[in-house]
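So the sequence lines, in the order shown, correspond to chains A and B.
Here my numbering is used: the first residue of the first sequence is 697, the next is one more, and so on.
Here my numbering is used: the first residue of the second sequence is 112, the next is one more, and so on.
Glycine included, every Cβ here is placed at the ideal spot set by N, Cα and C.
Just so it is clear, the structure is predicted and the values come from calculations on it, not from any experiment.
Encoded as structure tokens, the structure appears first; notes follow it.
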Amino acid sequence: MRYDVILAGVGGQGVLSVAAIIARGAMTDGLLVRQSEVHGMAQRGGAVQAHLRLSEQRIVSDLIGKASADMILSMEPIESLRYLEYLKPEGILVASADPVKNIPDYPQPEEIYERIRSLPRARLIGSAELAQAAGSPRATNMVMVGAASPYLPVEEGSLLAAIEALFSRKGEKVVRINRKAFRMGREAVASAS
Amino acid sequence: MPEMVLLGDEALAMGAIDAGISAAYAYPGTPSSEIMEYLQAVRPKYGDYVAEWCSNEKTAYEEAVGVSLVGRRALVSMKHVGLNVAADPFINSALLAIHGGLVLAVADDPGMHSSQNEQDSRFYADFARIICLEPRSQAEAYTMTREAFDLSEAFHIPVMIRLTTRIAHSRAVVGTGQRRAQNPVNKSAEKAGWMLLPATARKLWAELLSAQGRFLEYAEDSPYNTLELNRDFRDFGVITAGLGWNYYMENIDELPVKPSHLHISVYPIPVGKVRRLAEAVERIVVIEEGFSFVERALRGILPTGVGISGKEDGALPRTGELTPDNVRGILGLEPKRGIELAPVQPPARPPQLCAGCPHRDSYDALNQALAGFEPRLVTSDIGCYTLGYLPPHQAIETCLCMGASVGMAKGAAQAGFHPVVAVIGDSTFLHSGITGLVDAVASGANMTLLILDNSTTAMTGGQPTILTSSRLEQLVRGLGVEPDHIKLIVPLRKATEENARIIRREIEYDGVSVVIALRDCIQTLKQRKKKEAGE
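Listed below in structure tokens is the structure:
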């Protein structure tokens, strides 16, 4: 078994935390993991991506090839479209519907949503609202982990444990909010289109 | 073997710790910074070694050589262009009687994710005539670093570990071994071995040349340089180097026959193994991350009996990184096609200065100060503030290398151009701007230096600068800049007009003036506040 995920977003959205949580959960379940990150200049509000590979067999490449990703998980709607050529025809796209408008020529969100919905398998999540309801706008990325979770080859409990482990040094409240955000994302995706 | 999940950078650092280093030195630079960050982070847990940021890569390298001279092991790490700065001590140190293990970790950035060029450090290792190891996985970054220290002590040379971005910044499971004790302090007994006077250097150079055969023998025998021959398939054979192996293996299941294959991880190039491969095939395909280092060595100038294909004939792209996709063509595989996007490409989203960044206010003030001056020249330098080239500020015009803003401004001023402003960050100024300013003061060049002092090395993740900001003004004063023409401003939006007036007055002053714009990096400030709040 192999499951390849392209993570996308804008610098500062917590893409690396998303990668860290899923990777940790996958390792708890006995999978091998390889996770490539982008550091440096690109982190300053620009488009960022990470390649996350989960597998039962040895993984040789840090990068995922085109038409090979099982999932694109994006913290932002247009960022989800930037890497479409990496998605397998039967792959799934899970994206936040909340735009980050830090560029002058940002398209109409409706236009983007339409394009996303035209894909064979796509889920759009109103992550900011859910994160707010969970207790903090900063938990948006954990809403997205929750939304991705039903499709990942990782147990829900392992992901929740990873959230606990990663946020525990920030205190019990932060852990609670992020676990709640995860659950709300997971519930939302069940009814999303 | 205990297992850890580590970035390539971190695996290399862990290898150095377990090899028994006494000291590590570095200057921040993507994608190498996490080596030192990890060494510092785990120091309380793993041991009693020095792990310090230095003024620049050259001082870092020289400090590591000092550690080696007294018999202890040292790691020095930097990004590829940092090695240009450290090239003088690096190349020369190959001649020295290296005593305690000295390992240079250099991280190349093909694709220029966060760099000015994509130079390939293997040429430097070859230039210095030393051994270079190139891991293709995080696990190898660990084991090869351990081995590099052994090689350095056995052959009395510095040894290079070459990383590239994808290995430096990717995480995987790494098995670690027993930690070795540090060497005791034991000064080298080789008297002439550390003295590069012409007479001694000639002898040391001859010794280094005569050792080349032993380095080659090591590379030939290294289990990292694997040769697998398939006598039943002569059409073509493959040489991979570095991450080329990963992308080749990613595609190998689609090849109808497995060709003969030589992988090179240890340099000098194992020429015997290359010849054996060449005898078994009609054509050699070379897949290497970086420049066409192996390929050019194979091609030489005179024709060979074997066809050679790679970057030089355009079968692989000559710029950027290798990927699982762009190596397919040279292997005779069709491109993979994913979902075709209906015609509208998402708009580009380049990096930009953060909201609340002090550089934004500094650039607003500078642009205001320069209003009406046409033509004008604003040279600049390397850091987050290089983004000031892009809209909305479009305040700066040049970026060459660390510190060049100062020297270029002086040159332009002496050539008769006015007004000239050089814009540099505090960490870059301390790295290599100081000497340029000494030159400017010595010749009384008519220029203004704007130091953007955010009290950190921001671009690479907020490492501390070598001097605290409060000492920057004293330093500038000590270099001989007229005290009346050293101005401190605080780049805040509400102060923009006043700041613009101050900068303009200094531009109008005929001589060297320095304006220091002092306000904390917004990211570093956030992190500090989080820490203080006990998060």
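| Asked | Found |
| --- | --- |
| Cα separation between residue 187 of chain B and residue 172 of chain B? | 6 Å |
| So if I threshold CB-CB distances at 8 Å, which residues from the stretch 148 to 165 of chain B count as touching chain A? | none |
| Residue range of the beta strand (DSSP E) that residue 533 of chain B falls in? | 531 to 536 |
| Classify residue 472 of chain B as helix, strand or coil using the three-state DSSP reduction. | helix |
| Less than 8 Å between the CB atoms is what I'm expecting for residue 533 of chain B and residue 560 of chain B, so what's the real figure, rounded? | 5 Å |
| On the three-state DSSP scale, how would you describe residue 463 of chain B? | coil |
| If residue 293 of chain B sits next to residue 183 of chain B, beta carbons under 8 Å apart, how far is it from one beta carbon to the other, in whole angstroms? | 6 Å |
| Name the DSSP beta bridge partners of residue 243 of chain B, please? | B:271, B:378 |
| Among the residues of its own chain, which have a CB less than 6 Å from the CB of residue 646 of chain B, if the five just before and after it don't count? | Reliability of the predicted coordinates at residue 646 of chain B is poor, the pLDDT of 49 falling under 50, and the value obtained from them is presented with this limitation in mind. For residue 646 of chain B, where only same-chain residues beyond five positions count, there are no Cβ hits under 6 Å. |
| The alpha helix (DSSP H) with residue 415 of chain B in it runs from where to where? | First-last for residue 415 of chain B: undefined, no H or E at that position. |
| With DSSP collapsed to three states, give me the class of residue 223 of chain B. | coil |
| List the residues of chain B whose Cβ lies closer than 9 Å to the Cβ of residue 774 of chain A, in chain order. | 457, 458, 460 |
| Using the Cα positions of residue 76 of chain B and residue 324 of chain B, report the straight-line distance between them to the nearest angstrom. | Because chain B here runs from 112 to 646, residue 76 of chain B falls outside it and cannot be looked at. |
| Within 7 Å (strictly less), CB to CB, does residue 434 of chain B reach chain A? | yes |
| May I have a chain-ordered list of the beta strand (DSSP E) segments no shorter than 3 residues that lie completely inside the stretch 261 to 332 of chain B? | 270 to 275, 281 to 286 |
| Please state whether DSSP places residue 369 of chain B in a helix, a strand or coil. | coil |
| Going by the CB atoms, is the gap between residue 285 of chain B and residue 124 of chain B shorter than 7 Å? | no |
| Kindly indicate the opening and closing residues of the beta strand (DSSP E) around residue 712 of chain B. | Because chain B is modelled from 112 through 646, residue 712 of chain B falls outside the range shown and cannot be assessed. |
| With DSSP as the reference, please indicate the residues paired to residue 568 of chain B in a beta bridge. | B:574 |
| Could you name the residues of chain A that residue 465 of chain B contacts, counting a contact when the two beta carbons are closer than 7 Å? | 740, 741 |
| Shorter than 7 Å from the beta carbon of residue 281 of chain B to some beta carbon of chain A? | yes |
| So which residues of chain B does residue 752 of chain A contact, with C-beta pairs closer than 7 Å? | Chain B residues near residue 752 of chain A: none, gap ~14 Å exceeds 7 Å. |
| Are three or more beta carbon pairs between the stretch 312 to 328 of chain B and the stretch 146 to 159 of chain B nearer than 8 Å? | no |
| Excluding sequence positions up to five away, which residues of its chain have a Cβ less than 6 Å from the Cβ of residue 196 of chain B? | 167, 168, 169 |
| Given residue 201 of chain B, which residues of its chain have a CB within under 8 Å of its CB, disregarding the five upstream and five downstream residues? | 172, 194, 215, 235, 239, 269 |
| Would residue 552 of chain B and residue 591 of chain B be called neighbours here (beta carbons separated by less than 7 Å)? | yes |
| How long is the line joining the alpha carbons of residue 838 of chain A and residue 701 of chain A, rounded to whole angstroms? | 16 Å |
| So that I know if they touch, is there some Cβ in chain B lying closer than 7 Å to that of residue 698 of chain A? | no |
| Output needed for residue 337 of chain B: all residues of its chain with C-beta closer than 6 Å, excluding positions within five of it in sequence on either side, in chain order. | 374 |
| Taking its Cβ as the centre, do 16 or more other Cβ atoms sit within 10 Å of residue 814 of chain A, making it buried, or is it exposed? | exposed |
| For residue 440 of chain B, count neighbouring C-beta atoms within 10 Å of its own C-beta (all shown protein chains included) and say buried if the count is 16 or more, exposed if not. | exposed |
| Going straight from the alpha carbon of residue 556 of chain B to that of residue 443 of chain B, what length do you get? | 60 Å |
| Where does residue 596 of chain B sit, in a helix, a strand or coil, going by DSSP? | helix |
| Kindly give me the distance between the Cβ atoms of residue 777 of chain A and residue 821 of chain A, rounded to whole angstroms, as I take these residues to be in contact under 8 Å. | With a Cβ gap of about 15 Å, residue 777 of chain A and residue 821 of chain A do not count as contacting. |
| Identify whether residue 646 of chain B lies in helix, strand or coil by the three-state DSSP scheme. | Summary for residue 646 of chain B: the model assigns pLDDT 49, below 50, so the residue's position carries little reliability; its value from the coordinates is reported in the next sentence. It is coil, neither helix nor strand. |
| Am I right that residue 480 of chain B and residue 614 of chain B are in contact with their C-beta atoms under 8 Å? What's the rounded C-beta distance? | 4 Å |
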